[in-house]
Structure formats: structure tokens, C-alpha cells
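Read through the structure below, which is laid out as C-alpha cells, and then see the notes.
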Amino acid sequence: MNILYDERLDGALPKVDKAALLAELRAALPDLDILHEAEDLRPYECDGLSAYRSAPMLVVLPERVEQVQTLLRLCHRMQVPVVARGAGTGLSGGALPLEQGVLLIMARFKRILEIDPAGRFARVQPGVRNLAISLAAAPHGLYYAPDPSSQIACSIGGNVAENAGGVHCLKYGLTVHNLLKVDIITIDGECLTLGSDALDSPGFDLLALFTGSEGLLGVVVEVTVKLLPKPQVAKVLMASFDDVEKAGRAVGDIIAEGIIPGGLEMMDNLSIRAAEDFIHAGYPVDAAAILLCELDGVESDVHEDCQRVDGVLRKAGATDVRLARDEDERARFWAGRKNAFPAVGRISPDYYCMDGTIPRRELPRVLNGIRELSDEYGLRVANVFHAGDGNMHPLILFDANLPGELERAEALGGKILELCVAVGGSITGEHGVGREKINQMCAQFNSDELTLFHAVKAAFDPQGLLNPGKNIPTLHRCAEFGAMHIHHGQLPFPDLERF
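Here UniProt numbering is used: the first residue of the sequence shown is 1, the next is one more, and so on.
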């Protein structure tokens, strides 16, 4: 990938003597599983963003908090960088290892420690799968609300690191809105509890600060999440549109009616066809776009809201509106949406998944802009949106075997993110910055803001040993980013008038 990255950051870290580090680890932690041979390290060279690859120096697989604490103290003393990794489903290169660092795998911390139906919370270890929490809480009529598409595989520790969302985040919030507390270990081995068992805690909101910090501030060893009662009724409307921009405008119309759906998702024709061929969800393959609108709550309210939303959709130009007949059809509608990413993977040798967020009112203009950028770069784009909260996931289709296509896909992705910023949005909604979007951080934040981010990082990790080179660009990097745009006669923000 043609990533612009300040390599001097790696150079600022001391070279690590692998043999000495391995000997120290074995002496201090004789029962710790350590991988160090090249063939054993290869499976860990990337996360879900496979375009970036880097084999770690060592991989460690602890099972106890004490092992993590000892490991971090040792790495702090020897000034060895550490990258924490959960299930490895992240899509921004956040868990990309360092050749001169330790990759700390937290996947063996997979116990659900407590389900409290009365208090409506669960205490879990960071390696517990997202979906496993809801399955464990189901006998009590409860569930965990954030539901990223990878929920069958992604871990709660990774969800905290990336502030993951999902199709129901419009009504029920992101990970940060569904946490009570997080236990972490800092790079020098100190154990901290952020948040509390109560709904609020005194002092600065360090829990919110830590959520979404992408492993830069500490390593998660325990998470206490909120559980919600399952809604009495949930119904899904599927609306078909002959124009993508009409579907985009319909999203704002629904919210303007004072209705907050449990989920409000949008797919364009390319993603509709891919998902239907893969899942057979019953999608209309001739539609330019569909909206999936889920309404949940008590029976009377849901029935009334379904009628109101049906009217709004038809007034907005929907050519057809279908209410899922039963729970099986409702599940199929959502299965198509949640499997959109792997479905698109079946129609293209490679795809590059972007993650930007925009104000809902800007959906039509941004969709038009993506279409024009797609034509300009000669690459197809399948659009999948958490439309209700403006979180979009354009999937850029390309073939890495063709010279220049990978670089062109990355350039197109960068332009889409800069368009998001230009209309008042953000370069990420739930996938994080990692290594993938570090250049676009320079488009969204000024030097004073970036300096503040670095100060927060230094308060937790003065030596910069936790996940270095991710999330926050150096000011030097941003100066080069700006110079590159000027050299090419461009501004960091696209000319909005063209869209």
C-alpha cells in the first residue's frame, strides 16, 4: 500500500535483541506460551486489513492477568514496543504488529465472569466474542446491544479498542454507550479501573477517553458491559428505490418524523445483488437502493411506527415497501445486510472497505460524490451504510494482481474520507484509524489538536511503547501530507461544488 507514514517514529525506538528478550521472558514467565519461529509468526502478520503485513518479532499468548502484568513491566524496562490483539477482525491495521516488537494476543481471556440479571450487567474477559455475551444473557431475557457485522468472531476487548458500533447503534449507541467499567494494565504494569459499577463515576470520564483509543493507552483485561431487556416486538420494513439519492433523503425524512428506528441500513444495487446471490435474503435485485428499517418496542407503538414509516418511505419515492412477514424473514433481511462484506468478496478478487461518517443531510451529496470519484478512478464501489447515524462503508472493488489497482483503490478511499470531512463528518465511525487512515487524520485535525492527542498518549505511555505508529500522526507526517496535496495542485478537502 502506498501509505504515507513517518518511518522516523520506528527509528526512534531502540533496536531489540530478540534472543535477550526471549531469554528474559522465559525466565520471568516460564509457563507463558511464546511463538518465535518464522512459520509460527506468519499467521499474525495482519488483522482484517490484509493489504498491510508485518511479521512480529515475538507472539505471546497469556492466560492470566499476572502474566500480562509481568510481560508489560518487562517490555517497559527493556523498551520493547507492544501491540495488543484480540480476534484480529479489525479493518484499519490497528493490530498490525511491529518487526521490532511483541504481539500480545488476548484471545485466551475468553471467560464470561458474571451475568447479573438484576443489575443488568455482565463482567467478561476481553477475548469473549461479542455475540457470546448476548447468548449467555438470553435466558434472562437480556442482550448486549452493539452488534458489529463481525459479532460472531470479534472480541469485546477489540470492540472497546475501536469503539465498535453495528446495525443497531442508531438507537442503542456504540460500545462507549454500553460500558460500565474497564479494567486495564498500563505499559508499566499498573492496574487501573476506569468507570464504576454505577451509571456514572466522579472525575474525568476516563472510560470514554479510553474507549476507541486503539490500544495506545493500555491493555484491556476485563470489561463490564450493560445488558438491555429484549424488546417485546421487532419488525423490519424493506423499502426499494429506483434512485440512490432518494433513498438517502428518505433516511433524514424518517428521523425528522421523530422516529428513532432500532436500525436503519442502506445498500446500493451492487451490494444488493452480491448479498442476494450469497444469502438469498429476498432482496429486489433490480432496485437502485434499499433501506432496511427496524422498529422495536411494545406491540402498539411498533405497529403505529410501522404505519408512519411506511408513509414516509412512499412519500420519499419508494417504489415498494415490504414488512417482514415473520421472524424468519426478518432474520433473512438482516442476514443479507450483515453478510454484505463477504458477499462483495465473492464478486471481486479484492475489495477495500472504507469507514467514514457524515451528517445525515449530506447523504445524497456524498453518494453523488462517491459515484463521480468511482468514475474518475475507474473502480467500482459498493455502498453499504449504517444510514441512520451517517456511518458509511464504501467497498472499493479492485484486483491486486493488476499493476496500480491497489494504489488506485487506496487513493480513491482517501478521497472519499476527505469528502466526509469536508461535509462536516469524520474519517471513521467504528473501524478506527490504525495505520490505514493515519494520513487523513491530518485532514481532519489541526496541529494544536494533534499535539493534545500526543499529550494524552504521553500521560499513559511516556515512552510511546504501546501500539506505536497508529492512530495519531506526527506533525512532521501531516506537514508532508499537506505538501503532497499542494504539489499536486490539490487541497486536503475536495472541491464540494463539483458534487
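Cβ atoms here follow ideal geometry from the backbone N, Cα and C, with glycine treated the same way.
Where C442 sits in the DSSP three-state scheme:
Sequence index remark: in the sequence shown, residue 442 carries index 442 (1-based). Residue state, collapsed to three classes: helix.
For T319, which residues from the same chain have a beta carbon less than 6 Å from its beta carbon, with the 5 sequence-adjacent residues on both sides left out?
Residue mapping note: residue 319 aligns to position 319 of the sequence shown, counting from 1. So the list reads S240, D242, once near-sequence residues are dropped.
Strand pairing of C191, partner residues [DSSP]
Taking the first residue of the sequence shown as position 1, residue 191 is located at position 191. According to DSSP, which records beta bridges pairwise, C191 is partnered with I185.
May I ask you to verify whether the segment 55–64 touches the segment 101–108, counting CB pairs closer than 8 Å and requiring at least 3?
yes
Can you check whether the CB of L367 is closer than 7 Å to the CB of G469?
Looking up residue 469 in the sequence shown gives position 469. Looking up residue 367 in the sequence shown gives position 367. Cβ distance not < 7 Å, so G469 and L367 don't count as in contact.
Please report the residue range of the beta strand (DSSP E) in which V102 lies.
Locating residue 102 in the sequence shown gives position 102, where the first residue counts as 1. Its beta strand (DSSP E) spans residues 102–105.
Using beta-carbon positions only, say whether G429 and R360 come within less than 7 Å of one another.
Numbered from its first residue, the sequence shown carries residue 429 at position 429. Numbered from its first residue, the sequence shown carries residue 360 at position 360. Not in contact: G429 and R360 (Cβ atoms no closer than 7 Å).
Compute the Euclidean distance between the alpha carbons of P126 and E45, then round it to the nearest angstrom.
Here residue 126 corresponds to residue number 126 of the sequence shown, with the count starting at 1. Here residue 45 corresponds to residue number 45 of the sequence shown, with the count starting at 1. Going from the Cα of P126 to the Cα of E45 covers about 21 Å.
Cα-Cα, which of G297, K315, F121, P284 is closest to E257?
Reading the sequence shown from its first residue, position 257 is the one you call residue 257. Closest by alpha carbon: K315.
In the DSSP assignment, find the unbroken alpha helix (DSSP H) run with R435 in it and report its ends.
On the sequence shown, residue 435 is found 435 positions in, with the first residue counted as 1. That residue, R435, is in no alpha helix (DSSP H); it is neither H nor E in DSSP.
How big is the Cα-Cα spacing for G11 and A422?
For this step, residue 11 is matched to residue 11 along the sequence shown. For this step, residue 422 is matched to residue 422 along the sequence shown. Because the pLDDT at G11 is just 44, under 50, the model does not fix this residue reliably, and the value given afterwards should be weighed accordingly. So the alpha carbons of these two residues sit roughly 34 Å apart.
Cβ pair P231, D310 closer than 7 Å:
By 1-based counting over the sequence shown, the position of residue 231 is 231. By 1-based counting over the sequence shown, the position of residue 310 is 310. Not in contact: P231 and D310 (Cβ atoms no closer than 7 Å).
Ends of the alpha helix (DSSP H) at A400?
Along the sequence shown, one-based indexing puts residue 400 at 400. Unbroken run through A400: none, as it is neither H nor E.
Which parts of the segment 157–239 are runs of the beta strand (DSSP E), unbroken and 3 residues or longer, counting only runs that do not cross its ends?
179–185, 191–195, 219–226
Grouping DSSP H, G and I as helix and E and B as strand, with all else coil, what is D461?
Stepping through the sequence shown from its first residue, residue 461 is reached at position 461. The answer is coil: DSSP assigns D461 none of H, G, I, E or B.
Okay, do the segment 168–182 and the segment 206–217 touch, 3+ Cβ pairs below 8 Å being the bar?
yes
So, at 7 Å on beta carbons, what are the nonlocal neighbours of K110 in its own chain, with the 5 sequence-adjacent residues on each side left out?
The residue you call residue 110 lines up with position 110 of the sequence shown. Contacts found: Q125, G127, V128.
Please name the residue or residues paired with L395 in a DSSP beta bridge.
Sequence index remark: in the sequence shown, residue 395 carries index 395 (1-based). DSSP lists C353, A382 as partners of L395.
Indicate the three-state DSSP secondary structure (helix, strand or coil) for D33 in the structure shown.
Start at 1 with the first residue of the sequence shown, and residue 33 comes out as number 33. Three-state DSSP puts D33 in a strand.
What is the DSSP secondary structure of I115, reduced to helix, strand or coil?
As a position in the sequence shown, residue 115 is number 115, starting the count at 1. Residue state, collapsed to three classes: strand.
Taking only three categories from DSSP, how would you classify E430?
By 1-based counting over the sequence shown, the position of residue 430 is 430. Three-state DSSP puts E430 in coil, outside helix and strand.
Assess, as a yes-or-no matter, whether the segment 142–150 is touched by the segment 76–85 under the definition of 3 or more beta carbon pairs within less than 8 Å.
no
Give a yes or no on whether the C-beta atoms belonging to residue 500 and E276 are separated by under 7 Å.
Past the boundaries of the shown model lies residue 500; the chain is included only from 1 to 499, so the question cannot be answered.
Nearest-angstrom Cα distance between residue 525 and G86?
There is simply no residue 525 to check, as the chain begins at 1 and stops at 499 in what is shown.
Secondary structure at G311, three-state DSSP: helix, strand or coil?
The count along the sequence shown starts at 1 and reaches residue 311 at position 311. Reduced to three states, the DSSP call for G311 is helix.
CB H36 to CB L25, shorter than 7 Å?
What you label residue 36 is simply residue 36 of the sequence shown in a count that begins at 1. What you label residue 25 is simply residue 25 of the sequence shown in a count that begins at 1. Against a cut-off of 7 Å, the Cβ pair of L25 and H36 comes out as no contact.
Tell me whether the segment 180–194 and the segment 213–229 touch, counting them as touching only if at least three CB pairs, one residue from each stretch, are closer than 8 Å.
yes
Jot down the residue ranges of each uninterrupted alpha helix (DSSP H) in the segment 59–99, minimum 4 residues, whole runs only, in chain order.
Those alpha helix (DSSP H) runs which fall completely within the segment 59–99 and span 4+ residues are 65–78.
What is the DSSP secondary structure of A132, counted as helix, strand or coil?
Along the sequence shown, one-based indexing puts residue 132 at 132. Here A132 sits in helix by DSSP.
Once you ignore the five residues that flank R123 on each side, which residues in its own chain have a CB closer than 7 Å to its CB?
Here residue 123 refers to the residue found at position 123 when the sequence shown is read from its first residue. Within the same chain, R123 has close Cβ partners L113, E114, E222, T224.
Can you tell me whether L216 is buried or exposed? The criterion is at least 16 other CB atoms within 10 Å of its CB, across all chains shown.
Taking the first residue of the sequence shown as position 1, residue 216 is located at position 216. Result: buried.
Closest residue to P43 among C353, L96, I254 (Cα-Cα distance):
Position 43 of the sequence shown, counting from 1, holds the residue named residue 43. P43 has its Cα closest to that of L96, out of C353, L96, I254.
Determine whether the beta carbon atoms of G432 and E162 lie at a separation below 7 Å.
As a first step, residue 432 must be located in the sequence shown, where it is residue number 432. As a first step, residue 162 must be located in the sequence shown, where it is residue number 162. Cβ distance < 7 Å, so G432 and E162 count as in contact.
Do you know offhand how far L237's Cα is from A288's?
Position 237 of the sequence shown holds residue 237. Position 288 of the sequence shown holds residue 288. Going from the Cα of L237 to the Cα of A288 covers about 17 Å.
Check whether L32 and Q67 have beta carbons under 7 Å apart
The sequence position of residue 32 within the sequence shown is 32, counting from 1. The sequence position of residue 67 within the sequence shown is 67, counting from 1. Using a Cβ distance threshold of 7 Å, L32 and Q67 count as a contacting pair.
Assign D300 to one of two classes, buried (16 or more other C-beta atoms within 10 Å of its C-beta) or exposed (fewer than that).
Along the sequence shown, one-based indexing puts residue 300 at 300. Note on identity: in this sequence residue 300 is Ser, with Asp being the wrong assignment. Burial call: exposed.
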